[in-house]
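Residue numbers (the working numbering), protein chains in the order written: chain P, 102 to 221; chain H, 24 to 320.
Note that beta-carbon positions come from the ideal geometry of N, C-alpha and C, so glycine has one too.
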């Protein structure tokens with residue numbers, strides 16, 4: 102199941118709709134990196150609203166994606182983590198350190214806009 | 024409330040004991056006025072049901088008596104069960120205790136047994152057989168009433184616990200996107216979990232960006248709960264909200280240092296006022312007195 106990646110101005114939006122296998126996650130990582138380079142995007146939003154579970158591999162991959170995209174000079178925001186998922190993650194020690202998070206897509210876009218403003 | 028206790032299936036009584044019960048019921052119906060009065064007097068003497076007036080006791084005694092005889096006569100306890108529940112509902116708010124309810128039922132049992140002794144004292148075999156029929160039924164009646172009362176009490180207690188729990192953790196919005204969560208009293212692990220759930224849900228529904236958790240009213244917490252607090256802070260961040268903790272007492276500060284929490288993750292401010300001020304700064308609010316604002320404009 103491939104994750105659709107939408108381009109919206111200078112941002113990319115990837116919405117995860119079903120639970121992903123490890124292979125799908127790696128595929129998402131590759132695809133996002135390619136597109137960031139291709140479109141010279143300034144920010145990426147990964148929407149996980151639909152996920153009701155996040156395991157350690159998914160968390161680590163999301164963190165890796167963020168770090169890799171940062172090396173390309175773009176920001177990443179993870180949006181839509183469900184309250185129950187958030188607490189379960191913290192209890193497992195998966196805290197997504199150094200990764201920006203926001204409530205939903207709208208907040209995520211606002212965050213990227215703000216980052217763009219403060220960096221110029 | 025058609026719950027829990029399944030209605031007991033009455034064992035088919037032997038023909039003989041049915042007859043005896045019938046005789047017994049006839050006797051109780053015949054002497055209703057006298058026995059009822061004696062019972063009411065005994066209740067007053069024993070200083071039971073002090074929360075009620077004498078007239079009320081008499082009125083309740085009458086209905087309990089009739090229901091009691093009815094249960095003896097029919098051998099079914101549903102009517103008595105629902106009556107005792109209904110009675111409990113009325114008298115629990117007035118502070119009637121369990122021992123009083125059990126006490127009055129046992130008194131009635133006593134009064135009736137005495138009247139049976141008086142009636143059959145000339146004929147011991149008959150008295151014996153009558154008591155054989157009476158005792159099990161009377162025991163079950165006492166049991167039914169007491170259980171009904173206790174169940175009702177438990178229901179009230181559960182309801183109140185629920186109410187207290189909900190009251191104990193308000194999540195309040197003080198400004199657009201700013202929540203405060205004042206915590207007062209002792210936090211046990213159960214309450215801690217509930218707190219977290221309410222806060223995370225509150226962040227979602229109010230679309231909060233900043234949350235101030237004020238624990239001025241918490242005197243101490245153990246390492247488990249302190250850890251839970253830290254986890255709550257991190258989970259809130261995953262939802263995109265910044266948490267500011269205010270009002271840490273020296274003891275709690277010590278606990279948090281002892282469990283070795285990375286203080287970089289925790290945003291703490293001395294008191295609630297400072298916390299709200301910092302939250303406002305984070306949200307880009309600037310509060311100025313009206314006079315200055317007009318002068319600046």
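Item                                                                                                                                                                                                 : Value
State the DSSP-derived secondary structure class of residue 33 of chain H, mapped to helix, strand or coil.                                                                                          : At residue 33 of chain H the pLDDT is 48, less than 50, meaning the model places this residue with poor confidence; the figure from the coordinates comes in the next sentence. In this structure, residue 33 of chain H counts as coil in the three-state DSSP scheme.
What first and last residue would you give for the alpha helix (DSSP H) that runs through residue 108 of chain P?                                                                                    : Counting along the chain, residue 108 of chain P falls outside any alpha helix (DSSP H), though it belongs to the beta strand (DSSP E) covering 106-109.
Which runs of the beta strand (DSSP E) spanning at least 3 residues fall entirely within the stretch 111-171 of chain H, listed in chain order?                                                      : none
Please identify, using Cβ separations under 7 Å, the residues of the stretch 182-193 of chain P that lie next to chain H, in order along the chain.                                                  : 182, 184, 187, 188, 190, 191, 192
Could you name the residues of the same chain whose beta carbon sits closer than 7 Å to that of residue 152 of chain P, not counting the 5 residues immediately before and after it, in chain order? : 117, 120, 186
On the criterion of 16 or more Cβ atoms from any shown chain inside 10 Å, does residue 192 of chain H qualify as buried, or is it exposed?                                                           : buried
Which residues in the same chain have their Cβ closer than 7 Å to the Cβ of residue 59 of chain H, if we skip the five residues on either side of it in sequence?                                    : 84, 85, 88
Compute the Euclidean distance between the alpha carbons of residue 33 of chain H and residue 103 of chain H, then round it to the nearest angstrom.                                                 : Because residue 33 of chain H sits at a pLDDT of 48, beneath the cut-off of 50, its placement in the model cannot be relied upon, and the following sentence gives the value as read from the coordinates. Distance between the alpha carbons of residue 33 of chain H and residue 103 of chain H: 14 Å.
Suppose only complete runs of 3+ residues qualify. What are the beta strand (DSSP E) ranges in the stretch 213-259 of chain H, listed by chain order?                                                : 233-240
Is there contact between the stretch 269-277 of chain H and the stretch 160-175 of chain H, where contact requires at least three CB pairs shorter than 8 Å?                                         : no
Please report the residue range of the beta strand (DSSP E) in which residue 144 of chain P lies.                                                                                                    : 144-148
Closer than 8 Å, CB to CB, is residue 217 of chain P near chain H or not?                                                                                                                            : no
Name the residues in the stretch 240-259 of chain H whose C-beta lies less than 7 Å from a C-beta of chain P; which are they?                                                                        : 254, 257, 258
Residue 310 of chain H and residue 301 of chain H - do their beta-carbons sit closer together than 8 Å?                                                                                              : no
Tell me, which residues are paired with residue 202 of chain H by DSSP?                                                                                                                              : H/196, H/234
Leaving out five residues on either side along the sequence, give the residues of the same chain with a beta carbon under 6 Å from the beta carbon of residue 202 of chain P.                        : 179
Is the beta carbon of residue 217 of chain P closer than 8 Å to that of residue 143 of chain P?                                                                                                      : yes
Please list, in chain order, the residues of the stretch 209-229 of chain H that have any C-beta partner in chain P closer than 8 Å.                                                                 : 219, 220, 223, 224, 226, 227
Measure the C-alpha to C-alpha separation of residue 105 of chain P and residue 115 of chain P and round it to an integer number of angstroms.                                                       : 6 Å
Using a C-beta to C-beta distance shorter than 7 Å, which residues of chain H count as neighbours of residue 197 of chain P?                                                                         : 261
Quickly, what does DSSP pair residue 112 of chain P with across the bridge? List them, please.                                                                                                       : P/109, P/144
Using the C-alpha atoms, what's the distance from residue 99 of chain H back to residue 28 of chain H?                                                                                               : Any reading at residue 28 of chain H needs caution, since the residue's pLDDT is 47, under 50, leaving its predicted position unreliable; the model's value is listed next. Going from the Cα of residue 28 of chain H to the Cα of residue 99 of chain H covers about 14 Å.
Where do the ends of the beta strand (DSSP E) carrying residue 176 of chain P lie?                                                                                                                   : 176-180
Indicate whether the contact test is met: 3 or more Cβ pairs, each with one atom in the stretch 49-63 of chain H and one in the stretch 137-145 of chain H, closer than 8 Å.                         : yes
Three-state secondary structure (DSSP) at residue 24 of chain H?                                                                                                                                     : Its pLDDT being 44, under 50, residue 24 of chain H is placed unreliably in this model, and the value from its coordinates should be taken loosely. Here residue 24 of chain H sits in coil by DSSP.
For residue 55 of chain H, is the classification buried or exposed, using 16 other Cβ atoms within 10 angstroms of its Cβ as the cut-off for buried?                                                 : exposed
I need the boundaries of the beta strand (DSSP E) containing residue 187 of chain P, first residue and last residue.                                                                                 : Per DSSP, residue 187 of chain P belongs to no beta strand (DSSP E); it is in the alpha helix (DSSP H), 184-192.
Run the CB neighbour count on residue 164 of chain H, radius 10 Å, all protein chains shown included, and call it buried at 16 or more, exposed below.                                               : buried
Does residue 135 of chain P come within less than 8 Å of chain H when only Cβ atoms are used?                                                                                                        : no
What residues of chain H sit near residue 175 of chain P, judged by a beta carbon separation below 7 Å?                                                                                              : Neighbours of residue 175 of chain P on chain H: none; closest Cβ ~19 Å, over 7 Å.
Report buried or exposed for residue 114 of chain H, applying the criterion of at least 16 other Cβ atoms within 10 angstroms of its Cβ.                                                             : buried
For the stretch 200-214 of chain P, which residues have a CB atom closer than 7 Å to at least one CB atom of chain H, in sequence order?                                                             : 202, 203, 204, 208
Taking residue 132 of chain P as the reference, give the member of P/209, P/219, P/107, P/159 with the closest Cα.                                                                                   : P/107
Is the distance from the Cβ of residue 157 of chain P to the Cβ of residue 197 of chain P below 8 Å?                                                                                                 : no
Could you check whether residue 130 of chain P and residue 166 of chain P sit closer than 8 Å to each other, using their CB atoms as the reference points?                                           : yes
List the endpoints of the continuous beta strand (DSSP E) containing residue 94 of chain H.                                                                                                          : Taken as a continuous stretch (DSSP letters only), residue 94 of chain H belongs to no beta strand (DSSP E), being part of the alpha helix (DSSP H) at 77-97.
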